[in-house]
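Single-structure report; data block below.
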Amino acid sequence: MRIVFKLPDQSQVDVDASEGQSLMRAAVDNGIPGILGDCGGQCACATCHIYIDQDWIGKIGPANLDSTENMMLEGAPVDIRSNSRLGCQIILNADCDGLIVQVPEGQ
Amino acid sequence: MEQVHAQQTDSLDALDVSHPSIYRDDRWRPLFSRLRAEDPVHYCPTSRTGPYWAITRYEDIIRVDTDPISFSSSYTRGGVTLDDRTSSQSFMQMDAPVHTAKRKKVTPIVAPNNLAQMESLIRERAARVLDGLPRNEEFNWVDKVSIELTSMMLATLFDFPVEERRQLVHWSDVITADLEDPKSPIRTEEERRNVLADFYRSMVEIWKRRQEEPPRFDIISILAHDPEMQKASLQEVTSVLGLFLVGGNDTTRNSMSGGVWGFSQFPDEWAKLRADPKLLENAVAEIIRFQTPVIYERRTATRDVEVGGKKIAEGDRVAMWYISGNRDEDVFQDAERLRVDRPNARQHIAFGMGPHRCIGSRLAEMQLRVLWEEVLARDLKIEVLAPPTYAFSNLVRSPVELPVRIKG
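First to last, the sequence lines map onto chains B and X.
First residue of the first sequence? That's 1 in this note's numbering, and the numbers climb one at a time after it.
First residue of the second sequence? That's 1 in this note's numbering, and the numbers climb one at a time after it.
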């Protein structure tokens with residue numbers, strides 16, 4: 001499936017991802033700048049913070065208020081928005097084909 | 001004698017990994033491999049700072065570090081070091097939601113945008129320091145390179161006069177000093193308080209000047225212009241500035257020394273990096289794992305909680321031994337080896353994990369990357385003449401002397 005990463009410099013990178021992979025893994029494997037995934041996907045470092053495109057947030061859903069993900073997002077260096085997620089917590093499925101996400105500036 | 005020694009080492013129950021001499025003498029490795037294998041969540045009933053739990057496996061450390069509800073950092077419960085140092089009251093020694101809000105205020109100082117602006121300055125300094133090093137004669141790498149570069153960085157972060165940078169190092173050393181250390185710069189807690197009062201007075205003076213000036217990106221200016229911090233207690237202000245002082249000093253300094261020692265033990269890794277400098281980014285993460293400049297951090301259980309099958313009771317001290325997690329063979333194969341192309345080097349826990357993860361990690365990585373880029377650019381041949389000697393500390397793994405010679 002195809003995932004679109006919009007970068008802070010207005011460019012965009014399309015990557016090939018597979019079902020069952022996390023969004024963080026898809027980004028790291030394709031060298032998307034600004035997505036580091038330092039903790040390897042354990043929701044423990046907030047270095048895979050991304051904004052989900054407004055057209056997609058309904059389908060992907062926001063971070064749960066009481067979740068570890070939300071706690072980690074609150075400590076992320078870049079401001080969080082209502083469409084903020086940690087890439088490692090989004091496991092890609094067939095419905096995610098064409099997903100558009102924005103890499104926050106200054107991450 | 002031989003027998004007594006054997007008995008002592010056989011008894012796991014009394015094993016205490018918190019004594020600073022273990023790190024000064026660099027004999028922590030077998031102790032932690034034994035704990036990871038035989039008793040990974042280990043209760044130590046007696047130590048010089050009282051009973052505590054030692055968390056030694058990578059997975060269990062992450063479990064504790066990412067559960068701030070069960071494991072508090074708050075100074076009201078004893079803070080983040082085993083000695084119950086309740087006088088340290090920065091956001092690092094607080095829990096959510098206050099921790100989150102206060103931490104957010106200071107992250108811009110070390111945010112990537114600000115870092116990009118600092119890079120050329122850091123490079124220029126690294127170049128100047130390396131070019132000024134003696135050739136074909138012995139010198140102490142720690143003093144001439146690691147302390148020199150990190151203290152200049154501190155001066156920049158504080159916008160402190162760069163020619164007075166060693167004063168910042170002294171204050172940082174006094175904050176972390178262990179009073180039992182024969183080489184400690186201070187002898188009593190009272191002396192520590194007096195020196196820190198000097199630090200505070202000096203900071204307040206700069207603070208007042210910054211308040212009159214437009215906001216800038218140094219730590220003192222950011223705090224001086226923050227309405228919340230203006231209401232903060234003297235204790236908190238000193239603690240936050242102290243946190244930046246120590247965080248920016250006694251960590252990257254140690255990795256700058258540890259990398260040289262690592263490459264000297266594994267020259268083939270240096271050859272690999274020289275042949276393929278693209279590995280540097282990964283090599284920097286690996287150097288930080290290999291060194292692990294902060295040995296442990298403490299939490300306090302807020303309720304009865306189970307970790308690795310052991311029942312930890314509310315109020316118990318819990319020490320996460322990052323130094324041990326970074327040597328966990330289940331995660332890092334051949335963990336004692338520095339491997340510049342280690343595939344999962346970035347997953348080291350030297351910066352901690354969870355909401356208190358080091359905010360200066362990107363700055364640390366940049367400083368190390370620039371230093372090694374400049375060493376590579378000059379193709380310096382650094383010969384280590386003896387293994388490092390380490391500070392008497394259970395908190396920072398801090399090489400004090402690393403005698404080297406550069407072939408010229």
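We put the CB at the ideal spot given by N, CA and C, even for glycine.
As the structure is a computational prediction, the values presented were derived from the model and not from experiment.
CB contact check: residue i to chain X, cutoff 8 Å
i, result
"Ile-69(B)", "The sequence given here has Glu at residue 69(B), not Ile. It does not; no Cβ of chain X falls within 8 Å."
"Gln-107(B)", "yes"
"Cys-48(B)", "no"
"Cys-38(B)", "Per the sequence presented here, residue 38(B) reads as Asp, with Cys not at that position. Yes, contact with chain X."
"Ala-26(B)", "no"
"Gln-42(B)", "yes"
"Cys-96(B)", "no"
Whole-number beta carbon distance between residue j and residue i, since they are thought to touch under 8 Å
i, j, result
"Pro-48(B)", "Met-24(B)", "For clarity, residue 48(B) is Cys in the given sequence; the question names Pro instead. The pair is a contact, with the Cβ atoms about 4 Å apart (cut-off 8 Å)."
"Val-142(X)", "Val-174(X)", "With a Cβ gap of about 18 Å, Val-142(X) and Val-174(X) do not count as contacting."
"Val-41(X)", "Val-307(X)", "5 Å"
"Ala-126(X)", "Glu-374(X)", "5 Å"
"Asp-250(X)", "Ser-172(X)", "6 Å"
"Val-4(B)", "Gln-12(B)", "6 Å"
"Trp-207(X)", "Ala-232(X)", "At roughly 11 Å, the Cβ-Cβ gap does not stay under 8 Å, so Trp-207(X) and Ala-232(X) are not in contact."
Through-space distance from residue j to residue i, alpha-carbon basis
i, j, result
"Arg-123(X)", "Val-260(X)", "18 Å"
"Ile-60(B)", "Ile-52(B)", "8 Å"
"Arg-299(X)", "Gly-79(X)", "7 Å"
"Arg-339(X)", "Lys-278(X)", "14 Å"
"Ala-127(B)", "Asp-97(B)", "Beyond the ends of chain B as shown, which are 1 and 107, falls residue 127(B); an answer cannot be given."
"Glu-269(X)", "Glu-336(X)", "13 Å"
"Arg-192(X)", "Lys-6(B)", "51 Å"
"Asp-39(X)", "Leu-380(X)", "44 Å"
"Phe-32(X)", "His-19(X)", "13 Å"
"Val-162(X)", "Phe-139(X)", "23 Å"
"Trp-321(X)", "Ala-37(X)", "15 Å"
"Arg-34(X)", "Ile-80(B)", "43 Å"
"Asn-282(X)", "Val-98(X)", "34 Å"
"Val-204(X)", "Glu-297(X)", "29 Å"
"Phe-244(X)", "Met-1(B)", "45 Å"
"Ser-255(X)", "Trp-56(B)", "43 Å"
"Thr-302(X)", "Arg-85(X)", "18 Å"
"Thr-150(X)", "Ser-257(X)", "11 Å"
"Pro-456(X)", "Lys-102(X)", "With chain X covering 1 to 408 only, the question about residue 456(X) has no answer from this structure."
"Ile-147(X)", "Glu-212(X)", "32 Å"
"Gly-315(X)", "Arg-77(X)", "8 Å"
Below-8 Å beta-carbon distance, residue i vs any chain B residue
i, result
"Ala-335(X)", "no"
"Pro-355(X)", "yes"
"Ala-345(X)", "no"
"Pro-112(X)", "yes"
"Arg-103(X)", "yes"
"Asp-65(X)", "yes"
"Ala-313(X)", "no"
"Ile-287(X)", "no"
"Thr-107(X)", "yes"
Three-way DSSP call (helix, strand, coil) for residue i in this model
i, result
"Asn-140(X)", "strand"
"Gln-107(B)", "coil"
"Trp-413(X)", "The question about residue 413(X) has no answer here: the residues shown for chain X are numbered 1 through 408."
"Pro-399(X)", "strand"
"Glu-383(X)", "strand"
"Phe-263(X)", "helix"
"Leu-86(B)", "strand"
"Lys-105(X)", "helix"
"Asp-14(B)", "strand"
"Glu-314(X)", "coil"
"Ile-91(B)", "strand"
"Met-320(X)", "strand"
"Ser-393(X)", "coil"
"Ala-54(X)", "strand"
"Phe-290(X)", "helix"
"Ala-127(X)", "helix"
"His-42(X)", "strand"
"Val-404(X)", "strand"
For residue i: DSSP bridge partner residues
i, result
"Tyr-296(X)", "Per DSSP, none; premise fails for Tyr-296(X)."
"Gln-102(B)", "Lys-6(B) and Tyr-51(B)"
"Ala-14(X)", "The partner list for Ala-14(X) (beta bridge, DSSP) is empty, contrary to what the question assumes."
- Message: Which residues of the region 69 to 92 of chain B have a Cβ closer than 7 Å to any Cβ of chain A? Give them in chain order.
- Response: You won't find chain A in this structure, because its protein chains are B and X.
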